[in-house]
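Novice: The structure is given below, and queries will be raised subsequently.
Number of protein chains: 2
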Amino acid sequence: MSRILRVAGAQMAGIQKSDTRPHTLARLIALLEAAAADRASLVVFPELAFTTFFPRWLLPTTQELDTYFEREMPNPNTQPLFTRARELKIGLNIGYAELTPEGKRFNTSIITNPDGSLLGKYRKIHLPGSVEPRPGARFQQLEKRYFEYGDLGFPTFRAPHFANGVLGMLICNDRRWPEAWRVLALRGAELVVIGYNSAAYDPNGGDSETPASRTEHSQLAARANAYMNATWAITVAKAGDEDGSGLIGGSCIVDPNGHIVAVAKTLGDELITADIDLDACRQGREKMFNFAQHRRPQWYGPITSQIGAEPPK
Amino acid sequence: MSRILRVAGAQMAGIQKSDTRPHTLARLIALLEAAAADRASLVVFPELAFTTFFPRWLLPTTQELDTYFEREMPNPNTQPLFTRARELKIGLNIGYAELTPEGKRFNTSIITNPDGSLLGKYRKIHLPGSVEPRPGARFQQLEKRYFEYGDLGFPTFRAPHFANGVLGMLICNDRRWPEAWRVLALRGAELVVIGYNSAAYDPNGGDSETPASRTEHSQLAARANAYMNATWAITVAKAGDEDGSGLIGGSCIVDPNGHIVAVAKTLGDELITADIDLDACRQGREKMFNFAQHRRPQWYGPITSQIGAEPPK
Chain G
0 MSRILRVAGA QMAGIQKSDT RPHTLARLIA LLEAAAADRA SLVVFPELAF
50 TTFFPRWLLP TTQELDTYFE REMPNPNTQP LFTRARELKI GLNIGYAELT
100 PEGKRFNTSI ITNPDGSLLG KYRKIHLPGS VEPRPGARFQ QLEKRYFEYG
150 DLGFPTFRAP HFANGVLGML ICNDRRWPEA WRVLALRGAE LVVIGYNSAA
200 YDPNGGDSET PASRTEHSQL AARANAYMNA TWAITVAKAG DEDGSGLIGG
250 SCIVDPNGHI VAVAKTLGDE LITADIDLDA CRQGREKMFN FAQHRRPQWY
300 GPITSQIGAE PPK
Chain D
0 MSRILRVAGA QMAGIQKSDT RPHTLARLIA LLEAAAADRA SLVVFPELAF
50 TTFFPRWLLP TTQELDTYFE REMPNPNTQP LFTRARELKI GLNIGYAELT
100 PEGKRFNTSI ITNPDGSLLG KYRKIHLPGS VEPRPGARFQ QLEKRYFEYG
150 DLGFPTFRAP HFANGVLGML ICNDRRWPEA WRVLALRGAE LVVIGYNSAA
200 YDPNGGDSET PASRTEHSQL AARANAYMNA TWAITVAKAG DEDGSGLIGG
250 SCIVDPNGHI VAVAKTLGDE LITADIDLDA CRQGREKMFN FAQHRRPQWY
300 GPITSQIGAE PPK
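Residue numbers (numbering that gives the first Met the number 0), protein chains in the order written: chain G, 0 to 312; chain D, 0 to 312.
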């Protein structure tokens, strides 16, 4: 048996503060069209794909903060991307900053079907960084300041338009948290799509980490979690320079054995594609990682009963 | 700050059915003496280190099965190893098949201190394989037949003799289950020691997997889980041929960044050593993987509330 789905990851170069919305949208549409020309059914864009990664700055006013947020999706600023996707009959996954009618702010990701309908929505749960700027730090990471923690859990979606697969979403830092992958796998995920903006320097990591080691860590987390959950993964970066702050690249498509089958070679706008067989998840699920046969949740209690580490005295 | 501990991993070549207990014990003692000569404070031996990996066979009688089990530890068959370790003031971690006074059978691992006292004990929780032989399979994996599931949970131990570190144990297949690592990390583990006997062919994996890909998977799981839990790991194989069945090697010492700092080059008796700084765990624990700041257990419920996968309809 095989259930082949042709997928693309649309890595993007950085978006500068001075870039206009129409300029960025034109880049997104160009990548979308390239994916459609390459016969992909689904194209994955980065986290916060419509703007620069604004949580690196302490923004002086709510007015300025609001310029990075979307009050609805699509909206006049983003509609041309979704219109073109429907014309080309291609689904997409894209991340954006969401401002709800109630005034809540989330780091959000959606998947649309080739017919333009919404397949699913996810709001980032593992917000990295801090609420207050770290004194003396060269780079800041203020996601905990600008976003609320996601309130939708880790949902999965049965996707008749995508080889009848089960899809889940993670966003950036989520991919380093094995709990996130495991919940998706326990809900049957066969493909996890992930956009990211990961600093090439300092935030969250230590001074000892280089852009190369951060890229390696990004791929290590994707590979091992794909393997241990017998799922496909597509991880897609916004990469390169954004007004003097660096972002890693390393976008890749990973198979359920943890092997990279396609990887970005640049830090720029770059499409990666692969034919992925969702039935390739079955070997792991029926043997080594047959959860029903092998998991022992009675010993996993601390994962849900405690938050921080509690070392022995 | 630094808390340096010199550690060794003692990979072993296969043990044949025809090998006598004294012969195997002499090999274990030679590796122990090499580790002590290299100034290690702790040496890690494989899973089921005193015998061949007997769960690959359907054994005809309980009498034969019993020959692979230890009724106490140490016992006359194993005492010389522990006596020599105490003389050399070196701690050790070793795996064995345990038969309790109540007649229960476990796949067990212990750590002893340099003074010969017991630091801790663990019984394997993630038993792979099956209870009944798989019809037509070239190789069997019958751990579920010969062992009960471990009943001690995933304990950690504060170790005044080992740089005052916090140590935890896993055994073989456990290392592929992120829950096991996470519970140890939530209990403060700074060093996870792991012995294994992993088939080079078929059991649990599929026919598409080669010895090379299995070795890569073993190291991928160790590297990613060490990274995501900001812990050191020492994984040690029984490797090579055992009466016509192959075992992978690839024993390694992994730092809290997921980098391999020492790795076995052969499939034979081979010592790997490293000076490991337990304070190197702090960068991850205080930043990227600061559990108290970043974990969101309210969304991890399925990890403990369900066993098997439950895909959407």
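Ideal Cβ positions, reconstructed from N, Cα and C, are used throughout, including at glycine. Predicted model, so just to flag it, every value in this text is computed and none were measured.
Entirely within the stretch 48-121 of chain G and at least 4 residues each: give me those alpha helix (DSSP H) ranges in chain order.
Specialist: DSSP runs (the alpha helix (DSSP H)) wholly in the stretch 48-121 of chain G: 61-65 and 78-87.
Novice: For the stretch 216-236 of chain D, enumerate the residues whose C-beta is nearer than 8 Å to any C-beta of chain G, in chain order.
Specialist: Residues passing the 8 Å Cβ filter: HIS216, LEU219, ALA220, ARG222, ALA223, ASN224, TYR226 and MET227.
Novice: Does the beta-carbon distance from ALA96 of chain D to GLY267 of chain D come in below 8 Å?
Specialist: As a first step, residue 96 of chain D is located in the second sequence; it is residue number 97 there, counting from the start. As a first step, residue 267 of chain D is located in the second sequence; it is residue number 268 there, counting from the start. The answer is no: Cβ separation not under 8 Å.
Novice: Can you look up ILE124 of chain D in the DSSP assignment and give me helix, strand or coil?
Specialist: To locate residue 124 of chain D, count along the second sequence from 1; it is residue 125. Looking at ILE124 of chain D - three-state DSSP - the assignment turns out to be coil, as it is neither helix nor strand.
Novice: Would you kindly report the start and end of the unbroken beta strand (DSSP E) that includes PHE156 of chain G?
Specialist: Start at 1 with the first residue of the first sequence, and residue 156 of chain G comes out as number 157. From DSSP, the beta strand (DSSP E) with PHE156 of chain G extends over 155-158.
Novice: Determine whether the beta carbon atoms of ALA158 of chain G and LEU118 of chain G lie at a separation below 8 Å.
Specialist: If you number the first sequence from 1, residue 158 of chain G lands on position 159. If you number the first sequence from 1, residue 118 of chain G lands on position 119. In this structure, LEU118 of chain G lies closer than 8 Å to ALA158 of chain G by Cβ.
Novice: Secondary structure at GLN10 of chain D, three-state DSSP: helix, strand or coil?
Specialist: Taking the second sequence and counting its residues from 1, one reaches residue 10 of chain D at position 11. Looking at GLN10 of chain D - three-state DSSP - the assignment turns out to be strand.
Novice: Give me, in chain order, the residues of the same chain whose beta-carbon lies closer than 8 Å to that of ALA179 of chain D; leave out the 5 immediate sequence neighbours on both sides.
Specialist: In the second sequence, counting from the first residue as 1, residue 179 of chain D sits at position 180. Same-chain partners within the cutoff: ILE124, HIS125, PHE153, LEU169 and ASP173.
Novice: Look up ARG244 of chain D in the DSSP assignment and give the residues it is bridged to.
Specialist: Residue 244 of chain D sits at position 245 when you count from the first residue of the second sequence. Per the sequence shown, residue 244 of chain D should be read as Ser rather than Arg. For SER244 of chain D, which the question treats as bridged, DSSP gives the partners D:GLU241.
Novice: Beta carbons nearer than 9 Å to chain A: which residues of the stretch 171-182 of chain D have them?
Specialist: Protein chains G and D are contained in the structure displayed, whereas chain A is not.
Novice: For chain D, check one thing: does any of its Cβ atoms lie closer than 8 Å to the Cβ of ARG186 of chain G?
Specialist: Along the first sequence, read from residue 1 onward, the residue named residue 186 of chain G stands at position 187. ARG186 of chain G counts as touching chain D.
Novice: Where VAL262 of chain G and ALA291 of chain D are concerned, what is the direct C-alpha to C-alpha distance, given to the nearest angstrom?
Specialist: Taking the first sequence and counting its residues from 1, one reaches residue 262 of chain G at position 263. Taking the second sequence and counting its residues from 1, one reaches residue 291 of chain D at position 292. Each residue's alpha carbon lies about 34 Å from the other.
Novice: Exposed or buried, what is ALA25 of chain D when buried is set at 16 or more other beta-carbons lying within 10 Å of its beta-carbon?
Specialist: As a working mapping, residue 25 of chain D is identified with position 26 in the second sequence. ALA25 of chain D should be labelled exposed.
Novice: Considering only the alpha carbon of each residue, which of G:PRO177, G:THR23 and G:ARG144 lies closest to VAL182 of chain D?
Specialist: Sequence index remark: in the second sequence, residue 182 of chain D carries index 183 (1-based). Per the Cα distances, G:PRO177.
Novice: Please list the segments of the alpha helix (DSSP H) lying wholly inside the stretch 174-199 of chain G, counting only runs of 4 or more residues, in order along the chain.
Specialist: Correct list: 177-185.
Novice: Verify whether the separation of the beta carbon atoms of VAL6 of chain G and THR272 of chain G is less than 8 Å.
Specialist: The residue labelled residue 6 of chain G in the question sits at position 7 within the first sequence. The residue labelled residue 272 of chain G in the question sits at position 273 within the first sequence. Yes, the Cβ-Cβ distance between VAL6 of chain G and THR272 of chain G is below 8 Å.
Novice: Suppose the cutoff is 6 Å on Cβ atoms and the five residues either side in sequence are ignored; what does the same chain contact list for ASN92 of chain D look like?
Specialist: Taking the first residue of the second sequence as 1, we reach residue 92 of chain D at position 93. Excluding sequence neighbours, ASN92 of chain D sits near VAL43, ILE110 and VAL192.
Novice: For THR23 of chain D, does the three-state DSSP call read helix, strand or coil?
Specialist: Counted from its first residue, the second sequence places residue 23 of chain D at position 24. Note: THR23 of chain D maps to helix in three-state DSSP.
Novice: Could you compute how far the alpha carbon of PRO59 of chain G sits from the alpha carbon of ASN163 of chain D?
Specialist: Position 60 of the first sequence, counted from the first residue, corresponds to residue 59 of chain G. Position 164 of the second sequence, counted from the first residue, corresponds to residue 163 of chain D. Distance between the alpha carbons of PRO59 of chain G and ASN163 of chain D is about 47 Å.
Novice: Please report the Cβ distance between THR302 of chain G and ILE306 of chain D, rounded to the nearest whole angstrom; I am assuming they are in contact, meaning their Cβ atoms lie under 8 Å.
Specialist: Here the question's residue 302 of chain G lines up with position 303 in the first sequence. Here the question's residue 306 of chain D lines up with position 307 in the second sequence. Per the sequence presented here, residue 302 of chain G reads as Ile, with Thr not at that position. 14 Å between Cβ atoms; not a contact.
Novice: What is the DSSP secondary structure of ARG144 of chain D, reduced to helix, strand or coil?
Specialist: Working through the second sequence from its first residue, we reach residue 144 of chain D at position 145. Helix at ARG144 of chain D.
Novice: Starting from the C-beta of ASP276 of chain G, find all residues in its chain whose C-beta is less than 6 Å away, skip the five residues before and the five after it, and write them out in chain order.
Specialist: On the first sequence, position 277 is the one that residue 276 of chain G refers to. Excluding residues within five positions, the ones whose Cβ falls inside 6 Å are SER1 and ILE3.
Novice: In whole angstroms, what is the alpha-carbon distance linking LEU98 of chain D and THR107 of chain D?
Specialist: By 1-based counting over the second sequence, the position of residue 98 of chain D is 99. By 1-based counting over the second sequence, the position of residue 107 of chain D is 108. Approximately 10 Å, taken between the alpha carbons.
Novice: Determine whether the Cβ of PHE156 of chain D lies closer than 8 Å to any Cβ atom of chain G.
Specialist: In the second sequence, residue 156 of chain D corresponds to position 157, counting from 1. Closer than 8 Å: yes.
Novice: Report the CB separation of ASN224 of chain D from PHE52 of chain D in whole angstroms; it is logged as a contact under 8 Å.
Specialist: Counted from its first residue, the second sequence places residue 224 of chain D at position 225. Counted from its first residue, the second sequence places residue 52 of chain D at position 53. At roughly 23 Å, the Cβ-Cβ gap does not stay under 8 Å, so ASN224 of chain D and PHE52 of chain D are not in contact.
Novice: Using the beta-carbon count (16 or more within 10 Å), is VAL253 of chain D buried or exposed?
Specialist: For the purposes of this step, residue 253 of chain D is taken as the residue at position 254 of the second sequence. Flag for VAL253 of chain D reads buried.
Novice: By Cβ distance, which residues of its chain are closer than 7 Å to THR155 of chain D, with the 5 residues on each side in sequence left out?
Specialist: Taking the first residue of the second sequence as 1, we reach residue 155 of chain D at position 156. Cβ neighbours of THR155 of chain D beyond the five flanking positions: VAL165, LEU166, GLY167, LEU183, ARG186, GLY187 and ALA188.
Novice: Determine the contact status of GLY283 of chain D and HIS216 of chain G, defining contact as a CB-CB distance below 8 Å.
Specialist: For the purposes of this step, residue 283 of chain D is taken as residue 284 along the second sequence, with counting starting at 1. For the purposes of this step, residue 216 of chain G is taken as residue 217 along the first sequence, with counting starting at 1. Their beta carbons are not under 8 Å apart, which means GLY283 of chain D does not touch HIS216 of chain G by this criterion.
Novice: Which residues, in order along the stretch 40-59 of chain D, keep a beta-carbon less than 7 Å from a beta-carbon of chain G?
Specialist: Answer set for the stretch 40-59 of chain D: empty.
Novice: List the residues of chain D whose Cβ lies closer than 7 Å to the Cβ of ARG294 of chain G, in chain order.
Specialist: As a working note, residue 294 of chain G is residue 295 in the first sequence. Within 7 Å Cβ-Cβ: ILE306.
Novice: Taking DSSP's pairing of strands, which residues face ASP274 of chain G in a bridge?
Specialist: Residue mapping note: residue 274 of chain G aligns to position 275 of the first sequence, counting from 1. Answer is G:ARG5, bridged to ASP274 of chain G.
Novice: For GLY194 of chain G and CYS171 of chain G, what's the separation of their Cα atoms in angstroms?
Specialist: As a position in the first sequence, residue 194 of chain G is number 195, starting the count at 1. As a position in the first sequence, residue 171 of chain G is number 172, starting the count at 1. Spanning the two alpha carbons is a distance of roughly 6 Å.
Novice: Report the CB separation of GLY248 of chain D from THR214 of chain D in whole angstroms; it is logged as a contact under 8 Å.
Specialist: Within the second sequence, the letter at position 249 stands for residue 248 of chain D. Within the second sequence, the letter at position 215 stands for residue 214 of chain D. Contact flag correct, Cβ pair sits at about 7 Å.
Novice: Would you say TYR94 of chain D and LEU47 of chain D are within 8 Å of each other, going by their C-beta atoms?
Specialist: Reading the second sequence from its first residue, position 95 is the one you call residue 94 of chain D. Reading the second sequence from its first residue, position 48 is the one you call residue 47 of chain D. Note that residue 94 of chain D is Gly in the sequence shown, not Tyr. Yes, these two residues count as a Cβ contact at 8 Å.
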